[in-house]
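This report concerns only the one structure given below.
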Amino acid sequence: MLHEYRDIITHMKENSAANAHFLRIFDKHNELDDKITKAENGELVLTDKEVETLKKEKLLLKDEAYAILIQYKKEHSL
Numbered sequence: 104m105l106h107e108y109r110d111i112i113t114h115m116k117e118n119s120a121a122n123a124h125f126l127r128i129f130d131k132h133n134e135l136d137d138k139i140t141k142a143e144n145g146e147l148v149l150t151d152k153e154v155e156t157l158k159k160e161k162l163l164l165k166d167e168a169y170a171i172l173i174q175y176k177k178e179h180s181l
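Numbering (our numbering), first residue to last: 104 to 181.
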């Protein structure tokens with residue numbers, strides 16, 4: 104997720120206490136991504152509606168994480 108911001112994400116992880124909310128979002132996004140991939144590969148049985156719901160939740164998390172990254176970048180002049 105947001106690979107172009109890898110350096111900023113690393114910087115945020117180094118100060119994880121101050122960025123706990125972002126890290127929870129980041130981890131949840133990755134969990135959903137894994138679950139969706141497994142469902143699409145047939146390793147996990149989910150309905151199309153369930154996969155669609157997971158994808159929407161994942162996108163909302165990505166949008167929230169992006170907003171946090173941009174604010175963090177601005178505040179820390181990165």
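Where is the CB? At the ideal position from N, CA and C, for every residue including glycine.
Measure the Cβ-Cβ separation of residue i and residue j and say whether it is below 8 Å.
| i | j | result |
| --- | --- | --- |
| L164 | K141 | no |
| E160 | L135 | yes |
| L157 | K138 | yes |
| I112 | K176 | no |
| H114 | L172 | no |
| N122 | M104 | no |
What is the DSSP secondary structure of residue i, counted as helix, strand or coil?
| i | result |
| --- | --- |
| M46 | Coverage of the chain is limited to positions 104 through 181, which leaves residue 46 absent and any answer about it impossible. |
| N133 | helix |
| A120 | coil |
| L126 | helix |
State the start and end residues of the unbroken alpha helix (DSSP H) segment that holds residue i.
| i | result |
| --- | --- |
| N144 | Where N144 is concerned, there is no enclosing alpha helix (DSSP H), given that its DSSP letter is neither H nor E. |
| A168 | 151-178 |
The segment 121-136 in contact with the segment 152-170 per 3-pair CB rule at 8 Å
yes
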